[in-house]
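Enquirer:
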Amino acid sequence: MNTREVTRKYRLNQWTQIIRECRSSGQTVKAWCADNGINQKTYYYWLKKVREAACESLPSLEENSSIVPVNIPASSDGPGPESSSQIILRFGSVTLELRNNASEKLIENTLRALQNVR
Numbered sequence: 014m015n016t017r018e019v020t021r022k023y024r025l026n027q028w029t030q031i032i033r034e035c036r037s038s039g040q041t042v043k044a045w046c047a048d049n050g051i052n053q054k055t056y057y058y059w060l061k062k063v064r065e066a067a068c069e070s071l072p073s074l075e076e077n078s079s080i081v082p083v084n085i086p087a088s089s090d091g092p093g094p095e096s097s098s099q100i101i102l103r104f105g106s107v108t109l110e111l112r113n114n115a116s117e118k119l120i121e122n123t124l125r126a127l128q129n130v131r
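The numbers in the sequence shown follow the numbering used here, run straight up by one, and end at 131.
Here it is as structure tokens:
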């Protein structure tokens with residue numbers, strides 16, 4: 014690994030911590046940046062870089078053999094598939110509903126995002 018890559022990783026780690034501190038402060042980004050002497054544009058620049066790095070580090074679904082297809086039989090009871098949730102996942106105060114007409118790409122991206130939920 015070259016010096017440039019080490020420096021980039023170091024800065025990403027530094028800014029990841031700074032972003033966590035800001036988010037856990039309970040303040041708005043504007044107020045927190047003002048209190049900590051950080052330029053708001055710099056904060057958002059690094060927020061974008063941290064998010065990009067997080068997305069790049071996600072494993073592809075093809076590599077993950079723990080995802081198993083689920084066949085859900087069509088039900089004649091109640092509303093049609095466009096209006097009824099076929100799968101409901103709850104995690105704390107977050108609810109995720111997947112409907113029969115959800116695109117494969119939406120489901121794939123959702124599963125990728127859920128892999129990082131703690």
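Note that beta-carbon positions come from the ideal geometry of N, C-alpha and C, so glycine has one too.
1) If you draw a straight line from the C-alpha of C35 to the C-alpha of L25, how long is it?
2) Does the distance from the CB of V63 to the CB of T20 come in under 8 Å?
3) Below 6 Å CB to CB, which residues in the same chain sit around C46 once its five sequence neighbours on both sides are set aside?
4) Where N122 and Q99 are concerned, what is the direct C-alpha to C-alpha distance, given to the nearest angstrom?
5) Within 10 angstroms of the Cβ of G105, are there 16 or more other Cβ atoms? Answer buried if so, exposed if not.
6) Using the Cα positions of T41 and L124, report the straight-line distance between them to the nearest angstrom.
7) Check the C-beta distance from L111 over to I120 and give it rounded, since I have them as a contact under 8 Å.
8) Quick one: grab the DSSP three-state call for T41.
9) Contact defined as beta carbons within less than 8 Å: I believe I32 pairs with L60. What is the distance between those atoms, to the nearest angstrom?
10) Where DSSP assigns a beta bridge to R103, which residues make up the other side?
Expert: In short, the structure shows the following:
1) Position 22 of the sequence shown, counted from the start, is the residue given in the question as residue 35. Position 12 of the sequence shown, counted from the start, is the residue given in the question as residue 25. Cα to Cα, the separation comes out at about 15 Å.
2) Stepping through the sequence shown from its first residue, residue 63 is reached at position 50. Stepping through the sequence shown from its first residue, residue 20 is reached at position 7. Their beta carbons are not under 8 Å apart, which means V63 does not touch T20 by this criterion.
3) Mapped onto the sequence shown, residue 46 falls at position 33. The residues are Q53, Y56.
4) The residue labelled residue 122 in the question sits at position 109 within the sequence shown. The residue labelled residue 99 in the question sits at position 86 within the sequence shown. Going from the Cα of N122 to the Cα of Q99 covers about 18 Å.
5) By 1-based counting over the sequence shown, the position of residue 105 is 92. Exposed, since its Cβ has fewer than 16 Cβ neighbours within 10 Å.
6) In the sequence shown, the residue the question calls residue 41 occupies position 28. In the sequence shown, the residue the question calls residue 124 occupies position 111. C-alpha separation (whole angstroms): 29 Å.
7) The residue labelled residue 111 in the question sits at position 98 within the sequence shown. The residue labelled residue 120 in the question sits at position 107 within the sequence shown. Correct: roughly 7 Å between the Cβ atoms.
8) Numbered from 1 along the sequence shown, position 28 holds the residue referred to as residue 41. Residue state, collapsed to three classes: coil.
9) As a working note, residue 32 is residue 19 in the sequence shown. As a working note, residue 60 is residue 47 in the sequence shown. Yes, I32 and L60 are in contact; Cβ-Cβ is about 6 Å, under 8 Å.
10) Here the question's residue 103 lines up with position 90 in the sequence shown. DSSP, once it has assigned bridges, lists T108 as partnering R103.
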